[in-house]
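**Q** Before we start, here is the structure in question, set down as structure tokens.
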Amino acid sequence: MKENIRIVKTTSENLDFVNLIAALDKSLWERYPELKSDYWGNNILELNPNVVILYLEDKAVGCGCFKKYDTNKIEIKRMFVSIEARGMGLAQTILMELERWAKGLGYSFSVLETLYKQKEAIALYQKAGYVIVDNYEPYVGLENSICMRKPI
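At position 89 of the sequence shown the residue is numbered 89 (full-length UniProt numbering), and the sequence of numbers has no breaks.
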């Protein structure tokens, strides 16, 4: 299966990324309709030069990106694997690629936020070495958010 995987470093302007993010947003709003007003302001697709897209059989099935959080930390954002490609370890592949990229740029830590119902995501991040920490900005006071951190 791994020989059919291709990882591409790109930007948030990539149409495959835009389409995957639309699917991610749709799945989040279906799972958390009650939170849309609390989180919509954090759900802006900014221009980002640090995007990874994972292709399986030449079809874009997963993505993730990171942005600078502070001088030595990046924040993992927009992690998503389409439903038909789940259960193959692809999210872990995307996460490792993002961490390698950030480390190569001189960052020492990675932080991320996910929501409490994202049990699969929380398990993935913990398996990858992330630990739950106090919520950081802009998630302070948002009880549905789970924030995590890891040295990279």
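Virtual Cβ for every residue (Gly too), placed ideally from N, Cα, C.
Here the structure is a predicted model, which is why all the values come from computation and not from measurement.
Is the beta carbon of Leu-105 less than 8 Å from the beta carbon of Met-148?
**A** It is not a contact, given that the beta carbons lie outside the stated cut-off.
**Q** With a CB to CB cut of under 6 Å and the five nearest residues on each side skipped, what residues in its chain are close to Asn-135?
**A** Correct list, in chain order: Ser-145 and Cys-147.
**Q** So is Gly-64 buried or exposed if we call it buried at 16+ other beta carbons inside 10 Å?
**A** Buried.
**Q** Distance, Cα to Cα, Glu-30 vs Trp-101?
**A** Each residue's alpha carbon lies about 32 Å from the other.
**Q** Have a look at the DSSP bridge pairing and note the partners of Leu-112.
**A** Leu-112 is bridged to Ile-76 and Met-148.
**Q** Helix, strand or coil for Met-1? Go by DSSP, reduced to three states.
**A** Bear in mind that the predicted position of Met-1 carries a pLDDT of just 49, short of 50, making it unreliable; the figure below should be weighed with that in mind. If DSSP states are grouped into helix, strand and coil, Met-1 belongs with coil.
**Q** Thinking C-alpha only, which one of Lys-67, Lys-9 and Ile-53 is nearest Ala-91?
**A** The residue with the shortest Cα to Cα distance from Ala-91 is Ile-53.
**Q** To which residues does DSSP link Phe-66 through a beta bridge?
**A** The partner list for Phe-66 (beta bridge, DSSP) reads Ile-76.
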